[in-house]
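To keep things clear, I will list the structure first and then write my remarks on it.
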Amino acid sequence: SNSAPVHKITIIPRTSGALGYTMQVDSGEHNLMSRTELLNKLATLTGGRSAEELIFGADNMTTGASNDIEKATSIARAMVTQYGMSKKFGLIGLQTIESQYLEGRAVMNCSDVTAAEVDSEVMRILKECYDEALTLLRENRTILDKIAAYLIEKETITGKEFMKIYRKEKGIPEPEEKPEENRMQNPAEQPNPPQ
Numbered sequence: 024s025n026s027a028p029v030h031k032i033t034i035i036p037r038t039s040g041a042l043g044y045t046m047q048v049d050s051g052e053h054n055l056m057s058r059t060e061l062l063n064k065l066a067t068l069t070g071g072r073s074a075e076e077l078i079f080g081a082d083n084m085t086t087g088a089s090n091d092i093e094k095a096t097s098i099a100r101a102m103v104t105q106y107g108m109s110k111k112f113g114l115i116g117l118q119t120i121e122s123q124y125l126e127g128r129a130v131m132n133c134s135d136v137t138a139a140e141v142d143s144e145v146m147r148i149l150k151e152c153y154d155e156a157l158t159l160l161r162e163n164r165t166i167l168d169k170i171a172a173y174l175i176e177k178e179t180i181t182g183k184e185f186m187k188i189y190r191k192e193k194g195i196p197e198p199e200e201k202p203e204e205n206r207m208q209n210p211a212e213q214p215n216p217p218q
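Going by the working numbering, the sequence shown opens with residue 24, and the numbers climb by one from there.
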């Protein structure tokens, strides 16, 4: 809940250096994000590293999550310094973006002591989201293993396939397709319009 639905998961390597990825796509227009949505996004971004710790142990984590960690850190920092979403700092703007449409360099508007406290708050938020991801993965380990086995066999999975496996393992019935969804998916089977 409060997260963009999974569109695709793949373990096919990309030229960017990623060995695979999970693509989430927001349904409809989505311009603003709530604090809950951002925290869920952080838990999602830390999920790959959490899975490595769960499966391989803390001493055998890899560099594979580096881009996700970078994105998560940027979001958590913006939550604290720009969006007023930190319980510790509240509504104070601690950072501004200079030349937003050029290099977009961030400048802190606070003392070095406060900047160090910002770093601690960012770390706290990331740790909480990481722990949440680890808890979710532990609770759903069977599903994680089934999805991994499916990916090893097929290399790519759609969001619908992912949810079908998830619902089956959780004992959740498949939702009924709405007639308009069925029509959109099977245009060849639709009757010809009146002439």
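Note that CB positions come from ideal geometry on N, CA and C, so glycine has one too.
Local conformation of residue i per DSSP, three classes
| i | result |
| --- | --- |
| I34 | coil |
| A41 | coil |
| I180 | strand |
| G113 | strand |
| M108 | coil |
| N163 | coil |
| I194 | The question names Ile, but residue 194 in the sequence shown is Gly. Correct three-state label for G194: coil. |
| M102 | helix |
| K150 | helix |
| K201 | coil |
| M84 | coil |
Residue i to residue j span [Cα, whole Å]
| i | j | result |
| --- | --- | --- |
| E199 | R58 | 32 angstroms |
| T104 | G43 | 31 angstroms |
| V29 | M102 | 24 angstroms |
| I35 | A41 | 9 angstroms |
| E184 | H53 | 24 angstroms |
| I92 | R190 | 29 angstroms |
| E75 | Q47 | 20 angstroms |
| P196 | E151 | 32 angstroms |
| A88 | R164 | 19 angstroms |
| A27 | M131 | 31 angstroms |
| V145 | L159 | 21 angstroms |
| Y153 | N90 | 15 angstroms |
| E162 | I120 | 40 angstroms |
Bridge-paired residues (DSSP) for residue i
| i | result |
| --- | --- |
| T119 | V130 |
| V29 | Q47 |
Using 8 angstroms as the cut-off, can you tell me whether the segment 81-94 makes contact with the segment 164-183, which would need three or more C-beta pairs spanning the two stretches below that distance? no
At 4 residues or longer, what runs of the alpha helix (DSSP H) sit wholly inside the segment 39-82? Runs of the alpha helix (DSSP H) inside the segment 39-82: 58-68 and 70-79.
Does the contact criterion of 3 or more C-beta pairs under 8 angstroms hold for the segment 110-122 versus the segment 137-146? With the cut-off at 8 angstroms, the segment 110-122 and the segment 137-146 touch.
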